[in-house]
Amino acid sequence: MAAGVRRRIIAAVPVVEFTPQLRRFTETPRVECGATTLRDALEAAFDVNPRLRGYVLDDQGHLRANVVVFIDGRRSTDRTGLADALSASSRVHVMQALSGG
Amino acid sequence: MNDRAWVATRKGLIELRRRGSAWKIERTSFLGEPVSMLLPPVGGSGRMLAALALGHFGVKVHASDDGGATWAEVATPAYPAQPADAAGPPWKLVQIWSMTEAHGTLWAGTLPGGLFRSTDGGRSWELVEALWNRAERLEWFGGGYDVPGIHSLCPHPQREGDLLVGISCGGAWGTRDGGRSWSLQAQGMVAAYMPPEQAGNPNTQDPHLIVRCPAAPDVLWCQHHNGIWRSTDGAASWQEVTGAPLSNFGFAVAVHPADADTAWFVPGVADQCRVPVNGALAVNRTRDGGRSFETLREGLPQRDCYELVYRHGLAVAGDGRSLLMGSTTGGLWASADGGDAWSTVSLHLPPIFAVRFG
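Chains as they are written, first to last, in this note's numbering: chain A, 6 to 106; chain B, 99 to 456.
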């Protein structure tokens with residue numbers, strides 16, 4: 006390393022992104038957070054835009070029937086508890102399911 | 099207001115204005131989005147509400163304070179956390195099926211059967227727990243949907259706190275104290291789809307729509323799954339009205355705002371065949387409290403017609419002469435003379451969920 010150059014180490018954190026289909030209704034932040042579960046990651050996004058919660062979760066805090074979440078390219082499995090684990094480098098995509106609508 | 103109307107459709111909320119003798123589309127809000135119900139501007143110029151039924155993202159309520167020119171999302175009714183041992187359907191809002199305003203309070207009837215109220219213009223809603231917690235609710239069932247729903251809200255125009263709600267399938271329930279206590283008010287209705295010993299059970303009735311005459315609020319009309327019923331004692335009892343021509347099956351009903359003996363119905367063949375009789379769209383009107391009916395057809399399609407007018411698809415204006423009728427296949431017709439003659443407003447609208455003047 007050259008003298009005087011400092012290397013900055015950025016710790017990886019999960020990233021949550023939302024389908025562009027939601028943008029016509031409400032703000033959809035791209036959130037980087039230190040969450041270890043899907044629920045915590047979504048809550049971080051809801052902290053930015055509280056109205057977003059009702060678009061993703063229903064009255065009981067479950068994933069809406071026609072919303073699907075992908076974690077690192079795989080569909081999440083716990084649609085009620087949202088306890089799916091995230092790694093430090095996880096990419097979470099909240100999408101609309103190709104059904105209903 | 100007799101010259102402005104609203105059509106809630108599968109693809110947006112349409113504002114209509116009458117220009118001369120013709121109705122014209124003035125504006126479409128929420129283009130492309132399903133709007134399940136609307137509340138016209140309160141008092142003609144106040145706040146109005148629209149309930150969106152987003153297929154993926156759930157129900158959302160929007161409000162406008164400028165007659166529909168601009169909208170902003172407000173609070174959406176939400177069910178509370180469901181106890182682990184709670185029986186019945188999930189406590190999740192499926193759809194807002196009815197909305198009304200009375201004496202400064204907003205009411206929203208929903209699937210799966212909860213009633214909500216707001217006293218701050220929709221900024222917040224609360225579940226009417228006295229009705230939700232009735233043990234009888236667990237015997238309700240869906241009528242056209244997987245879960246029961248409140249489709250009719252009939253407030254008393256003078257008595258604050260007096261409200262009748264119609265439920266498919268859960269009969270009719272009334273409160274006199276603003277929702278703190280409730281009683282079944284469907285005595286006399288008959289449910290032929292139930293076992294004989296249950297046919298008269300008020301709690302299993304399927305009123306498709308109930309309307310109250312504003313000038314004579316003790317008179318209510320009901321288009322029921324099994325026919326037509328009328329009450330003249332504020333829903334304490336119901337009497338069947340027989341003799342409607344063509345068919346007593348249908349979904350919609352409208353009552354003249356100043357004449358309780360005049361009401362309109364849109365007959366279909368039967369439950370198992372929901373199309374106009376003989377392929378000819380018609381409206382039945384009574385002017386004598388159901389003792390006799392006229393069948394009105396002028397200006398309506400009389401051949402190869404498959405239009406279905408669903409529960410909230412028929413409306414009458416405050417003048418008692420202007421009517422609008424919209425179908426689930428996007429046909430919309432208007433009358434200016436109480437239904438004697440109809441004209442086509444459009445045959446190309448999206449599926450129509452509700453039509454309201456105001």
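Cβ atoms here follow ideal geometry from the backbone N, Cα and C, with glycine treated the same way.
Simplified DSSP assignment, three categories, for B/Pro305
For B/Pro305, the three-state secondary structure derived from DSSP is strand.
Would you please verify whether the beta carbon of A/Met100 is less than 7 Å from any beta carbon of chain B?
Not one chain B Cβ lies under 7 Å of A/Met100.
Beta-carbon neighbours of B/Thr174, restricted to chain A and to distances below 9 Å
Gly59
Within 10 angstroms of the Cβ of B/Glu295, are there 16 or more other Cβ atoms? Answer buried if so, exposed if not.
exposed
Which complete beta strand (DSSP E) runs does the region 348 to 419 of chain B hold, if anything under 3 residues is left out?
361 to 366, 381 to 384, 392 to 394, 412 to 414
Taking the beta carbon of B/Ala233 as the centre, do at least 16 other beta carbons fall within 10 Å, making it buried, or is it exposed?
exposed
Selected residue, minimal CA-CA separation from B/Arg310, among B/Pro355, B/Ala434, B/Glu227
Cα-wise, what sits closest to B/Arg310 is B/Pro355.
Does the distance from the C-beta atom of B/Ala452 to that of B/Val414 stay below 7 Å?
no
Helix, strand or coil at A/Glu32 [DSSP, three-state]
coil
Quick one: does B/Tyr177 have its CB under 7 Å from some CB of chain A?
Interface flag for B/Tyr177 against chain A is set, since a Cβ pair is found closer than 7 Å.
Exposed or buried, which one is B/Gln303 when buried takes at least 16 other CB atoms within 10 Å?
buried
Let me know if A/Arg80 comes out buried or exposed under the rule of 16 or more other beta-carbons within 10 Å of its beta-carbon.
The residue in question, A/Arg80, is exposed, as its Cβ has fewer than 16 Cβ neighbours within 10 Å.
Under 7 Å between C-beta atoms of B/Ala333 and B/Gly272:
yes
Check this for me: beta carbons of B/Leu262 and B/Trp205, under 7 Å apart or not?
no
Determine the chain A residues that contact B/Gly156 at a beta-carbon separation under 8 Å, and present them in chain order.
Gly59, Tyr60, Asp63, Arg69
Can you confirm whether B/Gln180, when its beta carbon is compared against all beta carbons of chain D, has any partner nearer than 7 Å?
Looking for chain D here will not work: the only protein chains present are A and B.
Show which residues of chain B have a CB atom less than 7 Å away from the CB atom of A/Val18.
In chain order: nothing, as chain B lies at least about 26 Å away.
Start and end residues, alpha helix (DSSP H) containing B/Ala106:
Here B/Ala106 belongs to no alpha helix (DSSP H); instead the beta strand (DSSP E) covers 102 to 107.
Span of the beta strand (DSSP E), counted from its first residue to its last, around A/Asp72:
The residue asked about is misnamed: residue 72 of chain A is Val in this sequence, not Asp. Here the beta strand (DSSP E) through A/Val72 covers 72 to 76.
Of all the options A/Ala93, A/Val99, A/Val72, which has the alpha carbon lying nearest to the alpha carbon of A/Pro19?
The closest CA to that of A/Pro19, considering only A/Ala93, A/Val99, A/Val72, is found on A/Ala93.
Can you list, in chain order, the residues of its chain with a C-beta nearer than 6 Å to that of B/Gly429? Leave out the 5 residues immediately preceding and following it.
Glu405, Leu445
Out of curiosity, what's the CA-to-CA distance linking A/His67 and B/Glu237?
Roughly 25 Å between the two C-alpha positions.
Proximal residues to B/Val140 (C-beta, below 6 Å), its chain only, five neighbours per side dropped:
Hits under 6 Å: Glu199.
Would you list, in sequence order, the uninterrupted alpha helix (DSSP H) runs of no fewer than 4 residues that lie entirely inside the region 199 to 263 of chain B?
227 to 230
Roughly how many angstroms separate the alpha carbons of B/Gly165 and B/Ser143, rounded to a whole number?
7 Å
Could you have a look at B/Val317 and say whether DSSP puts it in helix, strand or coil?
coil
What span of residues does the beta strand (DSSP E) with A/Phe51 cover, start to end?
No beta strand (DSSP E) contains A/Phe51, which is instead part of the alpha helix (DSSP H) from 43 to 53.
Kindly indicate which residue of B/Ala149, B/Gly268, B/Pro343 has the alpha-carbon position closest to the one of B/Gly220.
B/Ala149
Closer than 6 Å: B/Gly118 CB and nearest the ligand HEM heavy atom
Ligands in the displayed structure: none, and consequently the ligand HEM is not present.
What's the C-alpha gap between B/Ala228 and B/Ser279?
Taking the straight line joining both Cα atoms gives about 6 Å.
Have a look at A/Arg17 and A/Ser95 and give me their C-alpha separation to the nearest angstrom.
Per the sequence shown, residue 17 of chain A should be read as Ala rather than Arg. Distance between the alpha carbons of A/Ala17 and A/Ser95 is about 9 Å.
How about the region 340 to 350 of chain B and the region 284 to 298 of chain B: do they share at least three Cβ pairs that are nearer than 8 Å?
no
Residue range of the beta strand (DSSP E) that A/Gly59 falls in?
If you look at A/Gly59, you'll find it isn't in any beta strand (DSSP E); it sits in the alpha helix (DSSP H) that goes 58 to 61.
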